[in-house]
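Here's the structure, in structure tokens; my notes come after.
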Amino acid sequence: MGGLCRPFYYMKGDECKLQLFHTAHAGTLESSDCLVTVAPGEGFALDHRGANSVIFAKRTELLVRGMLEKHSLKEARVTIQDQGAIEITIMARLETALLRAAKEETR
0 MGGLCRPFYY MKGDECKLQL FHTAHAGTLE SSDCLVTVAP GEGFALDHRG
50 ANSVIFAKRT ELLVRGMLEK HSLKEARVTI QDQGAIEITI MARLETALLR
100 AAKEETR
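Residue numbers for the sequence shown, in numbering that gives the first Met the number 0: 0 to 106.
Listed below in structure tokens is the structure:
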């Protein structure tokens, strides 16, 4: 691999990993969208809110865990305020929030 990672990633052993530095958001509370909040945390925590959150709880948890695995993240706090978003919207909002949380703020 040569020690090169994509932006916002760092090398740990032979693997590129994403590190969350702060809380970040992506999305809206408009109909058919979702607001995703991601924060660093110990372990994994998912808070899925919305009218259909009980119906889609397992699906959403699998989506979130899959996205965290894709980015080699084992620890994160994720809140999804779901307003009827389809799967691809949830995934896009989650990935955007993760990358925003991984960006070190310059002051």
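Glycine residues also receive a C-beta, built at the ideal position from the N, C-alpha and C atoms.
Check: Whole-number beta carbon distance between Leu72 and Leu17, since they are thought to touch under 8 Å; Outcome: 6 Å
Check: Whole-Å CB distance - Leu45 paired with Glu29, under 8 Å assumed; Outcome: Not a contact, Cβ separation roughly 22 Å.
Check: Beta-carbon gap between Gly40 and Glu74 smaller than 8 Å; Outcome: yes
Check: Close-in-space but distant-in-sequence residues of the same chain around Met0 (CB under 7 Å, 5 per side omitted); Outcome: Confidence at Met0 is low in this model, with a pLDDT of 42, below 50, so its placement is unreliable and no value can be given for it.
Check: C-beta atoms of Ala100 and His47 nearer than 8 Å; Outcome: no
Check: Cβ-based neighbour list, Cys15, same chain, cut-off 6 Å, excluding 5 preceding and 5 following; Outcome: Cys4 and Tyr8
Check: When Leu98, Thr88 and Phe43 are compared against His70, the one with the closest alpha-carbon; Outcome: Leu98
Check: Nearest residue (CA-CA) to Ala56, options Gly83, Ser31 and Gly42; Outcome: Gly83
Check: Residue range of the beta strand (DSSP E) that includes Ile79; Outcome: Ala75 to Asp81
Check: Cα-Cα separation between Met10 and Ala25, rounded to whole angstroms; Outcome: 26 Å
Check: Complete runs of the beta strand (DSSP E) confined to the stretch 3–88 [at least 3 residues]; Outcome: 8–11, 14–17, 23–26, 33–38, 43–48 and 75–81
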